[in-house]
Amino acid sequence: MKKIILALMLCMSYLTSFAQKDSTIFKGYLSNNEYEVYLQINFYQNDIKVPGQEIFGTIAGFLGDRKDSRKWLITNAAIEGKTAHLSIINDYGSEDLIADLTLESDGTYSLKQITGSNIKIARNRKWVKIPKKLTFMKK
1 MKKIILALML
11 CMSYLTSFAQ
21 KDSTIFKGYL
31 SNNEYEVYLQ
41 INFYQNDIKV
51 PGQEIFGTIA
61 GFLGDRKDSR
71 KWLITNAAIE
81 GKTAHLSIIN
91 DYGSEDLIAD
101 LTLESDGTYS
111 LKQITGSNIK
121 IARNRKWVKI
131 PKKLTFMKK
């Protein structure tokens, strides 16, 4: 009887060691109310289509603006724990950057621009640079 219980316990511990990763951390709609921008992402299936710009096909996600139709496209996302390393370009292809999106302990997400161009949004017919570090909430 002890051998059976021990064998079952070993099998259970073996099976739990192959548990799937959480595939919802980097999937969904993230919003920043201060700058009125959002992220629509799915870094697992890379199946996001940019509304009105379907010519780009499916991608990992994009940063959109609630007041303007321009988008910053996430062309590549590599997940490492609770951080995703991103390659981002604007929808004209003229500017690009590398950024990290991190799930913080308080449940918020931080987008930190590492190298390359600054993300800019249009406000009152002028380009406004958003901060190098921006906080998002999951909706």
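Numbering (the UniProt record's numbering), first residue to last: 1 to 139. No residue lacks a Cβ here, since even glycine has one placed at the ideal position from N, Cα and C. Note that the structure is predicted; figures quoted are calculated from it, not measured.
Consult DSSP for residue i and reduce its assignment to one of helix, strand or coil.
| i | result |
| --- | --- |
| residue 54 | helix |
| residue 46 | coil |
| residue 70 | strand |
| residue 128 | strand |
| residue 93 | coil |
| residue 82 | coil |
| residue 41 | strand |
| residue 18 | For residue 18, the predicted structure reports a pLDDT of 44, less than 50, and the residue's modelled location is therefore unreliable. A value from the coordinates is still provided. Coil, per DSSP. |
For residue i, is the classification buried or exposed, using 16 other Cβ atoms within 10 angstroms of its Cβ as the cut-off for buried?
| i | result |
| --- | --- |
| residue 122 | exposed |
Using a Cβ-Cβ cutoff of less than 8 Å, which residues in the same chain neighbour residue i once the five nearest sequence positions on both sides are dropped?
| i | result |
| --- | --- |
| residue 66 | 36, 37, 38 |
Start and end of the beta strand (DSSP E) containing residue i?
| i | result |
| --- | --- |
| residue 62 | 61-65 |
| residue 119 | Premise fails: residue 119 is in no beta strand (DSSP E) and is neither H nor E. |
| residue 135 | 133-138 |
Considering only residues of the same chain and omitting the five flanking positions on each side of residue i, which have a CB-CB separation below 6 Å?
| i | result |
| --- | --- |
| residue 60 | 43, 46, 74, 77 |
| residue 95 | 117 |
| residue 32 | 134, 136 |
Just to confirm my understanding: we take residue i, look at its own chain, exclude 5 residues before and 5 after, and list those with CB closer than 7 Å. What are they?
| i | result |
| --- | --- |
| residue 128 | 120, 121 |
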